[in-house]
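Q:
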Amino acid sequence: MDLTYTPEQENFRQEARQWLEANVPSEPLASFDTPEGFEAHRQWEHKLNSGGWAMVPWPVEYGGRGANLLEWLIFEEEYYRVGAPGRVNQNGIFLLGPTIMEYGSPEQKVRFLPKMASSEEVWAQGWSEPNAGSDMANIQATAIADGDAYVINGQKTWASRGAYAHWLFGMFRTDPESSRHHGLTFILVPLDTPGITVRPIEKINGKKAFAEVFFDNARVPLDNRLGEEGQGWSVAMATAGFERGLMLRSPSRFQNTARKLVELYRKTLAAGGFVDPALRDRVTRCWVEAEAYTLNTYQTVSRLMAGDKIGAEASLNKIFWSELDIRMHEAALSLLGARAELRPGAPGADGVDDWLDGFIFALAGPIYAGTNEIQRNIIAERILGMPRK
Amino acid sequence: MEFNFSEDQQLLQQAVRDFLEGECTPAAVRELWETETGRSKTFWSQLAEIGVPGLLVPEDDGGLGMDERDMVLVLEEAGRAALAEPVISTAAVGVPLLVELGELGQSGLTKKWLGPVASGEAILAVGHAQSPFVADAHVADLLLLPQDQDLHAVERGDVTLTAQPSNDQSQRLFSVDWSPSEKTCVAQGTEGAALQGAAFDRGVLACAAEQLGVGQQLIDMAALYTSQRQQFGVAIGTFQAVKHRLANAKVQVEYARAVVYRAAHSVATGSPQRSTDVSMAKVMAGEAALFASKEALQVHGAIGYTYEQDLHIWMKRAWSLDLAFGTSAWHRARLADAIIDGQAPASAFGYCAPGS
Ligand SMILES: Cc1cc2nc3c(=O)[nH]c(=O)nc-3n(C[C@H](O)[C@H](O)[C@H](O)COP(=O)(O)OP(=O)(O)OC[C@H]3O[C@@H](n4cnc5c(N)ncnc54)[C@H](O)[C@@H]3O)c2cc1C
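These protein sequence lines are chains Z and W, in that order. In the working numbering, each number is its position in the first sequence, counted from 1, plus 34. In the working numbering, each number is its position in the second sequence, counted from 1, plus 2.
#1: Does any heavy atom of ligand 1 sit closer than 7 Å to the C-beta of Z/Ile238?
#2: In chain order, what are the residues with a CB under 5 Å from some non-hydrogen atom of ligand 1?
#3: Counting only C-beta atoms, is W/Arg71 closer than 8 Å to chain Z at any point?
#4: For chain W, is any of its Cβ atoms less than 8 Å away from the one on Z/Lys423?
#5: Nearest to Z/Ser336 by alpha carbon, out of Z/Asn83, Z/Lys81, Z/Gly217 and Z/Glu105?
#6: Checking 8 Å against the spacing of the C-beta atoms, do Z/Thr318 and W/Arg334 come in under that value?
#7: Hey, could you find the ends of the beta strand (DSSP E) W/Cys187 is sitting in?
#8: On the three-state DSSP scale, how would you describe W/Ala260?
#9: Can you tell me which of the three DSSP states Z/His80 falls into?
#10: Can you round the beta-carbon distance between Z/Lys237 and Z/Phe244 to whole angstroms, since I take them to be within the 8 Å contact cut?
#11: For W/Leu292, count the other beta carbons within 10 Å of its own beta carbon; 16 or more makes it buried, fewer makes it exposed. Which is it?
#12: Quick one: measure Cβ to Cβ for Z/Lys242 and Z/Pro234, integer angstroms, because I've assumed they're closer than 8 Å.
#13: When you compare each of Z/Ile108, Z/Asn83, Z/Asn57 and Z/Ser268 to Z/Ile134 by their alpha carbons, which one comes out closest?
#14: To which residues of the same chain is W/Ser330 closer than 7 Å at the C-beta, ignoring the five residues directly before and after it?
#15: So, under 8 Å CB-CB, W/Leu57 and W/Gly64 are touching, yes? Tell me the CB distance rounded to an integer number of Å.
#16: So which residues of chain Z does W/Ser229 contact, with C-beta pairs closer than 8 Å?
#17: Using a Cβ-Cβ distance under 8 Å, would Z/Thr38 count as near chain W?
#18: Quick one: using the 10 Å Cβ neighbour count with 16 as the cut-off for buried, is Z/Pro210 buried or exposed?
#19: So the candidates are Z/Ala88, Z/Ile412, Z/Asn45 and Z/Gly404; which of them puts its Cα closest to the Cα of Z/Glu277?
#20: Please return the same chain residues whose Cβ sits closer than 7 Å to the Cβ of Z/Ala193, not counting the five positions on each side in sequence.
#21: Leaving aside the five residues before and after W/Gly215 along the sequence, list all residues of the same chain whose C-beta is less than 8 Å from its C-beta, in chain order.
#22: With which residues is Z/Phe203 paired in a DSSP beta bridge?
#23: Helix, strand or coil for Z/Ser212? Go by DSSP, reduced to three states.
#24: Can you look up Z/Ile173 in the DSSP assignment and give me helix, strand or coil?
#25: Are the CB atoms of Z/Thr191 and Z/Glu163 within a distance shorter than 8 Å?
#26: On the DSSP letters alone, give me the boundaries of the alpha helix (DSSP H) that Z/Glu246 sits inside.
#27: State the Cα-Cα distance for the pair Z/Ala65 and Z/Phe72, rounded to the nearest angstrom.
#28: Going by C-alpha to C-alpha distance, which of Z/Asn102, Z/Gly126, Z/Gly382 and Z/Gln142 sits closest to Z/Gly341?
#29: Does W/Ala355 have its Cβ less than 8 Å from a Cβ in chain Z?
#30: In chain W, which residues lie with their C-beta within 8 Å of the C-beta of Z/Thr328?
#31: On the three-state DSSP scale, how would you describe W/Ala355?
#32: I'd like to know whether the C-beta of Z/Ala414 is nearer than 8 Å to at least one C-beta of chain W.
#33: Could you give the DSSP three-state label for Z/Gly188: helix, strand or coil?
#34: When you compare the CB of Z/Ser60 with every CB in chain W, is at least one pair closer than 8 Å?
#35: Give me the DSSP bridge partner(s) of Z/Asp36.
#36: Nearest to Z/Ile353 by CA position, among Z/Ile412, Z/Trp87, Z/Gly264 and Z/Ser139, is which residue?
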């Protein structure tokens, strides 16, 4: 155990910092859940990729810089430190990318990873269906092999950024006789395929954050299958491991929020007026918990670099970050008092920052990526060994 | 940057775990509760054979010359087994304090005591400003006691002890009546205060490490019990209301773990953030252990509320450790002073705030 950075790691940090400081947009971009914001974010990703920083842990030939996971963490720290834009292609680079790295054929890696890194192709995740939410094994959309193609029918829903994305990675039933997690296959689907209709869904703040996707005899090449036919569940569990356990929410995101929260507390106190005395402790606690999350992630990364794999403990992670995110935003709204309600742009909204939108987004954390109740079931059964039935 | 423990460290942890599983059974713990001292000479000399009291004693003085990164795993095991011996006062706090005193010119004292401590013949007790009591003073041969900023070394023959029976029968607390003199004073002024501060922080870390083990043990006991106990024709562990309580406790324990290990690193390397880091560790691990104790009791039902069932051995550890070396409220206040008011160094791990 040695919690100091090597000179190489420090150099890597400096290199990332210099590039980011020179290139990060000076003004915040519009939300990527709007058409103009989506394009602005894609342009930023394009620039990031040109600098070789889109996905540092990937091999150079796929647009990465062959960095290890620790360097990825360092990059993420620098990324949040300079306040760089959110990652519009996060479902691609953080979830599908690592899955392709593990299960993809050499051709698939070459075909998909570079365009993912540059966000030329932005990805949506197509797992949920109207009748397959927490019960994902109840997926009903079918993909039936016919000649050189799968013919897809059915419906997906809640696909984040589906309103604007180019591709969707989905789970479909390739064996119509099968049930539960058997007979499912992981398929990569171009959203401009004839027979596909994308209908945006507005989330509670009115933004078109996700979409439902209808399939009516949409033909997708057999080569677009990721992993073996009928093995979709195992492939998807690998994706879910990255999603819940490591990449989707890197710790510096929360450290950054915690830092802003401490600053907000100091500023509010200095301005005079009423501040709930309990907030001193709540704010401190948020900062401490962001540290706990960070240290846990460093420990996980050390473990993975020593050859271990992410397992059921990803569920512990998902609960911790999602609930911490809510607590941090709640504390911030409490500090803002009456002004917490103001929409950005209201004349009195100076200094309210994006805490309200952040809060609304944080509220979804315990729902997406598998609800926290489902994570608790997994922890109890797979980590604590409690009986299923 | 390496967060993993070395193979040697893991072997040491395993050796301690194996020993405690064999010897420090709940029945053995209860047996000691009934004795006058609550401590076992046999146990202590067996622990000395594996090297526990001398873990932090330099090799030249007969110890293993290890640091807090090794000790933290041993203490975790001590918590898991509810070991009542004076590992914290002697091995985790007393020894490094003696070593530091030696570096400040008290080499006579250090030479006299470190060898016997490492071999298991001598026991240390350490007082600190956050508690009016001194733990394990009754079995200590040498007491290291604060008097304002100064630090004094007093042998047991020169103090009068009043037992303060404690709810956790594994804990033995005493009021100590003694007279500071020039002869007993071993460090003064700012030097003395710095030594006191370092010793206190080591105690905080040690408690946090034990709390990790206590929390994990409570969860394991509850998971096992609820997998076996049947109601409504099924194991009660199949009910989500039961599962989710223990899952929540597990989240808390696991998110305390890395914080405790980092605190061990900070103490071992003399980080300027040492005090902040150990406070974080104690708050996180302490609250996790307290939470686990409540949830474990609830899912046991009435049997867990009995003296006969072993659960309360660990529940009581969780309660007493929360109050030892600063209550969690005290540590939360210290953290707020550091994080919000900048009174002590506290910088985010890895991430550095703009302008810092
Ligand atoms: C912002 C956002 C973005 C999303 N993005 C995507 C995406 O990109 N792609 C995608 O495929 N999906 C996405 N989802 C969908 C998400 O994965 C599902 O909402 C989630 O899996 C829950 O399914 P559900 O909404 O049908 O709720 P339900 O499954 O109906 O659950 C409702 C409630 O019942 C509880 N419940 C259900 N089953 C159990 C059980 N066995 N034990 C205990 N409690 C249970 C749940 O925990 C929840 O509290 C997104 C959701 C949100 C909110």
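Virtual Cβ for every residue (Gly too), placed ideally from N, Cα, C.
A: Taking the coordinates as given:
#1: Counting from 1 along the first sequence, the entry for residue 238 of chain Z is found at position 204. No, ligand 1 has no heavy atom inside 7 Å of this Cβ.
#2: Z/Gln159, Z/Trp161, Z/Ser162, Z/Gly167, Z/Ser168, Z/Trp192, Z/Ala193, Z/Ser194, Z/Ala398, Z/Ile401, Z/Tyr402, Z/Thr405 and Z/Glu407
#3: For the purposes of this step, residue 71 of chain W is taken as the residue at position 69 of the second sequence. Closer than 8 Å to some Cβ of chain Z, the Cβ of W/Arg71 qualifies, so yes.
#4: Stepping through the first sequence from its first residue, residue 423 of chain Z is reached at position 389. Yes - at least one Cβ of chain W is within 8 Å of the one on Z/Lys423.
#5: Position 302 of the first sequence, counted from the first residue, corresponds to residue 336 of chain Z. Nearest of Z/Asn83, Z/Lys81, Z/Gly217 and Z/Glu105 to Z/Ser336, Cα basis: Z/Glu105.
#6: Numbered from its first residue, the first sequence carries residue 318 of chain Z at position 284. Numbered from its first residue, the second sequence carries residue 334 of chain W at position 332. Yes, they are a contact pair.
#7: On the second sequence, residue 187 of chain W is found 185 positions in, with the first residue counted as 1. From DSSP, the beta strand (DSSP E) with W/Cys187 extends over Cys187 to Ala189.
#8: To locate residue 260 of chain W, count along the second sequence from 1; it is residue 258. Helix at W/Ala260.
#9: Residue numbering aside, residue 80 of chain Z sits at position 46 when the first sequence is read from its first letter. In this structure, Z/His80 counts as helix in the three-state DSSP scheme.
#10: Taking the first residue of the first sequence as 1, we reach residue 237 of chain Z at position 203. Taking the first residue of the first sequence as 1, we reach residue 244 of chain Z at position 210. Their Cβ separation, rounded to whole angstroms, is 7 Å, which keeps Z/Lys237 and Z/Phe244 in contact under 8 Å.
#11: As a first step, residue 292 of chain W is located in the second sequence; it is residue number 290 there, counting from the start. Buried.
#12: Taking the first sequence and counting its residues from 1, the one referred to as residue 242 of chain Z is at position 208. Taking the first sequence and counting its residues from 1, the one referred to as residue 234 of chain Z is at position 200. Right, the Cβ-Cβ distance comes to about 4 Å (below 8 Å), so this counts as a contact.
#13: The residue you call residue 134 of chain Z lines up with position 100 of the first sequence. Measuring from the Cα of Z/Ile134, the nearest candidate turns out to be Z/Ser268.
#14: Indexing the second sequence from 1 puts residue 330 of chain W at position 328. So the qualifying residues of the chain are Lys284, Val285, Gly288, Glu289 and Asp324.
#15: Reading the second sequence from its first residue, position 55 is the one you call residue 57 of chain W. Reading the second sequence from its first residue, position 62 is the one you call residue 64 of chain W. Their Cβ separation, rounded to whole angstroms, is 12 Å, which puts W/Leu57 and W/Gly64 out of contact at 8 Å.
#16: To locate residue 229 of chain W, count along the second sequence from 1; it is residue 227. What W/Ser229 touches in chain Z: Gly419, Met420 and Pro421.
#17: Taking the first residue of the first sequence as 1, we reach residue 38 of chain Z at position 4. Taking Cβ atoms only, chain W reaches closer than 8 Å to Z/Thr38, which makes this a yes.
#18: Taking the first sequence and counting its residues from 1, one reaches residue 210 of chain Z at position 176. By the neighbour-count rule (16 or more Cβ atoms within 10 Å), Z/Pro210 is not buried but exposed.
#19: As a working mapping, residue 277 of chain Z is identified with position 243 in the first sequence. Of the listed residues, the one whose Cα sits closest to Z/Glu277 is Z/Gly404.
#20: One-based indexing of the first sequence puts residue 193 of chain Z at position 159. Closer than 7 Å at Cβ, skipping near neighbours: Ala158, Gln159, Gly160, Leu202, Phe244, Ala245 and Val247.
#21: Here the question's residue 215 of chain W lines up with position 213 in the second sequence. Correct list, in chain order: Leu77, Glu78, Glu79, Ala80, Gly81, Arg82 and Ala83.
#22: As a working note, residue 203 of chain Z is residue 169 in the first sequence. Its beta-bridge partners are Z/Gln159 and Z/Leu222.
#23: The residue given as residue 212 of chain Z occupies position 178 in the first sequence. It is coil, neither helix nor strand.
#24: Along the first sequence, read from residue 1 onward, the residue named residue 173 of chain Z stands at position 139. Here Z/Ile173 sits in coil by DSSP.
#25: Translated into positions along the first sequence, residue 163 of chain Z becomes position 129. Translated into positions along the first sequence, residue 191 of chain Z becomes position 157. Closer than 8 Å, so yes.
#26: Counted from its first residue, the first sequence places residue 246 of chain Z at position 212. Premise fails: Z/Glu246 lies in the beta strand (DSSP E), Phe244 to Pro255, not in any alpha helix (DSSP H).
#27: Taking the first residue of the first sequence as position 1, residue 65 of chain Z is located at position 31. Taking the first residue of the first sequence as position 1, residue 72 of chain Z is located at position 38. A small correction: the amino acid at residue 65 of chain Z is Ser; Ala does not occupy that position in the sequence shown. Taking the straight line from one Cα to the other gives about 7 Å.
#28: For this step, residue 341 of chain Z is matched to residue 307 along the first sequence. Looking at the Cα atoms, Z/Asn102 is the closest of the given residues.
#29: Locating residue 355 of chain W in the second sequence gives position 353, where the first residue counts as 1. Any answer about W/Ala355 is weak, because its pLDDT of 44 lies below 50 and its placement is not dependable; what the coordinates show is given next. Judged by the 8 Å Cβ criterion, W/Ala355 is in contact with chain Z.
#30: The count along the first sequence starts at 1 and reaches residue 328 of chain Z at position 294. Under the 8 Å cutoff, chain W gives Ala350, Phe351, Gly352 and Tyr353.
#31: By one-based count along the second sequence, residue 355 of chain W stands at place 353. The pLDDT assigned to W/Ala355 is 44, lower than 50, so where the model puts this residue is not dependable; a value taken from the coordinates is nonetheless given after this. W/Ala355 falls in the coil class under three-state DSSP.
#32: Along the first sequence, read from residue 1 onward, the residue named residue 414 of chain Z stands at position 380. By this cut-off, Z/Ala414 is an interface position.
#33: By 1-based counting over the first sequence, the position of residue 188 of chain Z is 154. Three-state result, Z/Gly188: strand.
#34: Stepping through the first sequence from its first residue, residue 60 of chain Z is reached at position 26. No, its Cβ sits nowhere closer than 8 Å to a Cβ of chain W.
#35: Mapped onto the first sequence, residue 36 of chain Z falls at position 2. For Z/Asp36, which the question treats as bridged, DSSP gives the partners W/Glu4.
#36: Position 319 of the first sequence, counted from the first residue, corresponds to residue 353 of chain Z. Residue Z/Ile412 is the option with its Cα nearest to Z/Ile353.
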